[in-house]
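Below is one structure, written out as structure tokens; the observations come after it.
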Amino acid sequence: QVQLVESGGGLVQAGGSLRLSCAASVPSSSINVMGWYRQAPGKQRELAAQIISPGVTYYADSVKGRFTISRDNAKNTVYLQMKSLKPEDTAVYYCYVRPRGSPSGAWGQGTQVTVSS
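Residues 102 to 218 (the numbering used here) are what the sequence shown spells out, left to right.
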């Protein structure tokens, strides 16, 4: 079973930046999809960005141009670089990983991102 450890959330002012990290307990070579979802209070969880092996990326329209997803295969880690943060980016961010050949994936514990105006 894949274990995920997230880090990097926190409180930042609008216009600021944060970088989230998510380290997986299995080799990156065994992972097909790595992504970040977010859930704001009172809202459904939504996909923010994902990267599909070998490097195809997808971004929600709301974060396009401000967020960058990347993966370091040597460290089995996926990152989410967030710039020009807005108060509406405030949410709990969850890492998601789906191994190759698996119909379902694993979730991280979530990390809070709060953007103040």
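All residues carry an ideal CB built from backbone N, CA and C; glycine is no exception.
The Cβ atoms of Glu147 and Ala125 lie no closer than 8 Å to each other. Beta bridge pairing from DSSP links Thr191 with no other residue. Cβ atoms of Ala115 and Pro188 come within 8 Å of each other, at about 6 Å.
The beta carbons of Val157 and Asp190 sit no closer together than 8 Å. Assignment of Ser108 by DSSP, reduced to helix, strand and coil, places it in the strand class. Between Thr212 and Gly110, the C-beta spacing is below 8 Å.
Going by DSSP, Ser163 is part of no beta strand (DSSP E) at all; its letter is neither H nor E.
When beta bridges are read from the DSSP output, Val216 appears opposite Val113.
Leaving aside the five residues that flank Pro200 on each side, the residues in its chain whose CB is nearer than 6 Å to its CB run, in chain order, Ser131, Ile132. Per DSSP, Gly156 is not a residue of any beta strand (DSSP E), being assigned neither H nor E.
Inclusion of Leu105 and Val216 in the CB contact set at 8 Å is not warranted, their separation being larger than that value.
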